[in-house]
Amino acid sequence: MSWHPVIRRGALLLLLYVVVLGLVACAIEGNPGSTPVAQQEVSSNPHALPSATPTLDDPTSTPAPKATLTPTLPPTPTATIEPIATPSPTPWPYVVVIDPGHGGRDLGARRFNDERRMEYHESTVTLEVGLLLRDELESRGFQVVMTREGDYEVAPELRDGGGAGAADFTLIESQARVDLANAAGGDLLLSIHKNAFEYPDGRRGLDVGGIQTYYCADRSFGDDNHRFAVLVHRAVMEAFLDFGYEIQDRGVLQDTYLSAPNSPRRYLILLGPESPRIVRPSQMPGVLSEPLFITHEVEGQMARDPEVLARLAVAYADAIGAFFLGVDPRE
Ligand SMILES: [Zn+2]
């Protein structure tokens, strides 16, 4: 079959036009092959947590018209397209599970004002940070699974007022969150909480603040738990320093630290190994973070500051990125 000369010339012009369009598109997108800075910095200095991670593949940056070129065409910019067509770095192949502590009827810790009125409660703040962290991680190419994305109980049997007054409310709810993380095939779990303190005589703990990070040592991945805990701890401390606040370091602690004195060791349900209490344990490394005390005079205000919350989310994302890069902070 031979084409009419006019049609053939039209087709050639169209192809050239498409090729030129492709070049312009690449120039606008920038160079997708640029290397992320984070990997180089992190390997030499464990304190320099990565602020950048591989970017997502952007399908719009791929010059599509290449396939339409045929050998019969005159020399075209095909050769110059090649280097620009280098694919973007692959997204992180990891699923990160974020658990905003408490929710629904479980308000968590509460902050009261001078008139003894509740100003806000923990479950609100953990969700705010959790959602910011989700967005931050997704922008860096991670897959993210949230245990909750709103103000509700996660366990189906506790929804819509179910399980009211149940003595094992926390156990049911926590097990549901572990089950969700396991079912999602999570590679890493971060449970976000906020601390609180009240003196035994009922006075507000306005002067009691600090950061705590919990992990479980008694797991097959106990070393990874500890490594992740130190990364989270340091990243969050640095985040507060950015705001000129030197938070009190209350340590990277084993999750049995919270056990009542003179009683058997109790692990945190989200982190601990299998036991009569923890029937289906979490199957991935994880950490429970208590970055500040909402009952503290200053920290309680920082917990409501959108800039602080956004910076916290970046700190967590940096720690997560460093964990997957294999950074060992050597506490
Ligand atoms: Zn909590």
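Quick note on the working numbering: the sequence shown kicks off at 16 and runs consecutively.
All C-beta atoms, glycine included, are put in the ideal place defined by N, C-alpha and C.
Under the rule that 16 or more other beta-carbon atoms within 10 Å means buried, what is residue i, buried or exposed?
i, result
"residue 258", "exposed"
"residue 316", "exposed"
"residue 291", "exposed"
"residue 240", "buried"
"residue 336", "buried"
"residue 322", "exposed"
"residue 180", "exposed"
"residue 256", "exposed"
"residue 68", "Because the pLDDT at residue 68 is just 31, under 50, the model does not fix this residue reliably, and the point stays unresolved."
"residue 128", "exposed"
"residue 345", "exposed"
"residue 168", "buried"
"residue 338", "buried"
"residue 141", "buried"
"residue 188", "buried"
"residue 133", "exposed"
"residue 394", "An answer regarding residue 394 cannot be provided, because it is not within the stretch 16 to 346 covered by the chain."
"residue 254", "buried"
"residue 198", "exposed"
"residue 202", "buried"
"residue 151", "buried"
Check whether the Cβ of residue i sits closer than 7 Å to any heavy atom of ligand 1, and report yes or no.
i, result
"residue 124", "yes"
"residue 208", "yes"
"residue 145", "no"
"residue 311", "no"
"residue 137", "yes"
"residue 301", "no"
"residue 315", "no"
"residue 241", "no"
"residue 118", "no"
Output yes or no for whether 8 Å exceeds the beta carbon distance between residue i and residue j.
i, j, result
"residue 112", "residue 204", "yes"
"residue 288", "residue 296", "yes"
"residue 148", "residue 334", "no"
"residue 281", "residue 274", "yes"
"residue 163", "residue 115", "yes"
"residue 138", "residue 118", "yes"
"residue 229", "residue 286", "yes"
"residue 208", "residue 304", "yes"
"residue 263", "residue 220", "no"
"residue 190", "residue 231", "no"
"residue 251", "residue 267", "no"
"residue 342", "residue 302", "no"
"residue 383", "residue 309", "Since the first and last residues shown for the chain are 16 and 346, residue 383 lies out of range."
"residue 223", "residue 311", "yes"
"residue 160", "residue 110", "yes"
"residue 236", "residue 306", "no"
"residue 294", "residue 260", "no"
"residue 107", "residue 184", "no"
Mind checking if residue i is an interface residue toward chain B, Cβ cutoff 8 Å exclusive?
i, result
"residue 134", "The chain labelled as chain B is not found in the depicted structure, where only one protein chain is given."
For residue i, is the beta carbon positioned less than 7 Å from some heavy atom of ligand 3?
i, result
"residue 167", "Here the bound small molecules are ligand 1; ligand 3 is not part of this structure."
> Which parts of the segment 295-328 are runs of the alpha helix (DSSP H), unbroken and 4 residues or longer, counting only runs that do not cross its ends?
Replying inline: 314-317
> Which ranges would you report for the alpha helix (DSSP H) in the segment 226-293 if only whole runs of at least 4 residues count?
Replying inline: 237-257
> Taking only runs of the beta strand (DSSP E) that begin and end inside the segment 121-191, which ones reach a length of at least 3 residues, in chain order?
Replying inline: 125-127, 133-136 and 158-161
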